[in-house]
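Visitor: After the structure tokens below, expect a handful of questions from me.
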Amino acid sequence: MRSRSIKAALATVGVVAAAGVMPLVTATPAGAAQSTCVNYVGNKGYLVGPKVRSACSRGAIDMGVGKVPNPVCTTRLLQAGVDGNVATSACLRA
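Those letters in the sequence shown? Residues 0 to 93, per numbering that gives the first Met the number 0, in order.
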């Protein structure tokens with residue numbers, strides 16, 4: 000009886016630990032996505048400064064079936080003088 004309780008407790012601990020670790024394993028580092036956005040803007044010939052970095056820090060929004068650019072990212076890039084198509088594409092990479 001006691002060994003059954005111990006096994007159940009260990010199984011519960013294992014499931015809880017796996018649930019806590021899984022998002023860390025599957026998540027993309029935010030800095031990697033931001034740098035992809037920043038590099039995209041820079042490769043299109045725009046000067047990359049604090050405004051672009053700040054805009055690209057707003058990650059794309061995962062809708063479950065795909066990602067959409069974060070409107071804050073797009074708006075900030077437009078305000079920084081980036082073309083709309085470039086801003087949209089860059090923010091999808093953020």
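Cβ atoms here follow ideal geometry from the backbone N, Cα and C, with glycine treated the same way. Being a predicted model, the structure only gives us computed values, none of them experimental.
Taking the continuous alpha helix (DSSP H) assigned at Pro-68, which residues delimit it?
Guide: Taken as a continuous stretch (DSSP letters only), Pro-68 belongs to no alpha helix (DSSP H), as it is neither H nor E.
Visitor: Pick from Cys-72, Tyr-45, Val-64, Leu-46: whose alpha carbon is nearest that of Ala-32?
Guide: Here the closest residue by C-alpha is Cys-72.
Visitor: Can you find the residues in the same chain that come closer than 7 Å, C-beta to C-beta, to Lys-43, ignoring five residues on each side of it along the sequence?
Guide: Answer for Lys-43: Val-85, listed in chain order.
Visitor: If I measure Cβ to Cβ from Leu-76 and keep anything under 6 Å in the same chain, skipping five residues before and after, which residues do I get?
Guide: Only Ala-54, Ala-86 meet the Cβ criterion.
Visitor: Please check the pair Val-40 and Ala-89, which I expect to be a contact at CB under 8 Å, by giving their CB distance rounded to whole angstroms.
Guide: Indeed they touch by this definition, with Cβ atoms about 5 Å apart.
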